[in-house]
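Everything on this sheet refers to the single structure shown next.
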Amino acid sequence: MIRDTQAGTAGSEYRLWTTLKVPQGYDAQKHCRWLGKTIGAEDYQWLPTLRVFALGVGHVAQGWFGSGSDE
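My numbering puts the first residue of the sequence shown at 0, with every later residue one more than the last.
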């Protein structure tokens with residue numbers, strides 16, 4: 000996505016990228032095409048996978064998250 004509103008202001012033109020996570024064995028490019036259609040994207044670019052990493056989804060906080068606050 001290229002944000003092109005309010006030309007001349009900081010951040011008025013930049014490219015947005017994201018990581019797409021799909022279940023193992025699912026066709027990620029097919030899902031990307033579906034997402035593009037669903038949101039009305041004019042175009043997108045499929046970037047090659049350089050590294051695979053865990054996003055950490057599903058981890059449970061161990062009490063340290065905000066533990067310094069009494070509220």
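Just so it is clear, CB atoms sit at the ideal spot from N, CA and C, and this is done for glycine as well.
Note that the coordinates shown come from a computational prediction; the quantities given were computed from them, not determined experimentally.
- Annotation for alanine 27: the continuous alpha helix (DSSP H) segment containing it runs 27-38.
- CA-to-CA, the gap between glutamine 44 and threonine 17 works out to about 11 Å.
- By the criterion of a C-beta distance shorter than 8 Å, proline 47 is surrounded by no residue of its chain, once the five residues flanking it on both sides are discounted.
- Rounded to the nearest whole angstrom, the C-alpha separation of histidine 30 and glycine 39 is 14 Å.
- Rounded to whole angstroms, the Cβ separation of alanine 27 and leucine 19 is 6 Å, and the two are in contact under 8 Å.
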